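S.K.: Just passing along the structure, written as structure tokens.
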């Protein structure tokens, strides 16, 4: 079976500091990978998605970036965090051809102070 | 992607059947309808997906009328553990560009 891991679970960072969140998937190969952010309230915002190694599509212009150095590894980064970057960050994966059925990780709660 | 409209919140009691309706008047021909469930501080969980008529799995049923402009998620005999936010999404297989709206916050009471 497939599992998805995210770390850290919680993170408190000062404004202007760098960020690196990691996500890995086990039990499948060549998945689609996604990064979402959920601010206070409910709606999830798709930030990045990737259909393969080194292939990243950005949905929203911001000071965040994503990379996919390995098939089942997805990294979300920032060089300088803003207060508005606070939120709940979720990584998800899906099979190719079934992108509407996504499987989410446990999330990282980021607080920028 | 088609916009969806669903109630902000609903209340129910244990053992009742809960029906959450979602409107998607601008649904396109190749769009599927997908529902997710989210508990606090967790990622959303896929519940069910359908294109037309009725789909049933071990968790829920999804009813889609012929015009496909709405859909109803049915949760049979809810329990306290079904308290969560339920999202209705409409879209085709467009590279996974799911758009999550505000969802419906379901509160199940004893």
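Residue numbers (the numbering used here), protein chains in the order written: chain G, 2 to 114; chain F, 881 to 990.
All C-beta atoms, glycine included, are put in the ideal place defined by N, C-alpha and C.
Note that this is a predicted model, so its numbers are computed, not measured.
#1: Examine chain A for any beta-carbon lying closer than 8 Å to the beta-carbon of residue 889 of chain F, and answer yes or no.
#2: For residue 962 of chain F, count the other beta carbons within 10 Å of its own beta carbon; 16 or more makes it buried, fewer makes it exposed. Which is it?
#3: Pick out whichever of F/979, F/990 and F/987 has its Cα sitting closest to the Cα of residue 46 of chain G.
#4: Tell me which same chain residues have a C-beta within less than 8 Å of the C-beta of residue 78 of chain G, skipping the five on either side of it?
#5: Could you say which of G/73, G/44 and G/42 lies nearest to residue 56 of chain G if we only look at CA atoms?
#6: Mind checking which residues open and close the beta strand (DSSP E) that includes residue 6 of chain G?
#7: Could you please tell me which residues of the stretch 75-106 of chain G, in chain order, have their CB closer than 9 Å to any CB of chain F?
#8: Let me know the secondary structure DSSP gives residue 962 of chain F once reduced to three states.
#9: I'd like to know whether the C-beta of residue 909 of chain F is nearer than 8 Å to at least one C-beta of chain G.
#10: I need the boundaries of the beta strand (DSSP E) containing residue 73 of chain G, first residue and last residue.
#11: Report yes or no: do the stretch 952-960 of chain F and the stretch 5-15 of chain G share at least 3 C-beta pairs separated by less than 8 Å?
#12: What are the boundary residues of the beta strand (DSSP E) that includes residue 883 of chain F?
#13: State buried or exposed for residue 888 of chain F, treating a residue as buried only when at least 16 other CB atoms are found within 10 Å of its CB.
#14: Kindly list, in the order they appear in chain F, the residues whose Cβ is closer than 9 Å to that of residue 43 of chain G.
#15: Exposed or buried, what is residue 919 of chain F when buried is set at 16 or more other beta-carbons lying within 10 Å of its beta-carbon?
#16: Would you call residue 983 of chain F buried or exposed, if buried means 16 or more other Cβ atoms sit within 10 Å of its Cβ?
M.R.: In this structure, then:
#1: Looking for chain A here will not work: the only protein chains present are G and F.
#2: buried
#3: Selected option, being the one with the closest Cα: F/979.
#4: Once the five neighbours on either side are set aside, the close Cβ partners of residue 78 of chain G are 19, 20, 21, 22, 65, 66, 67 and 68.
#5: G/73
#6: 4-8
#7: So the close ones are 89, 91, 92, 93, 95, 98, 99, 100, 101, 102, 103, 104, 105 and 106.
#8: helix
#9: no
#10: Here residue 73 of chain G belongs to no beta strand (DSSP E), and DSSP marks it neither H nor E.
#11: no
#12: Here residue 883 of chain F belongs to no beta strand (DSSP E), and DSSP marks it neither H nor E.
#13: exposed
#14: 918, 965, 967, 980, 981, 982, 983 and 985
#15: exposed
#16: buried
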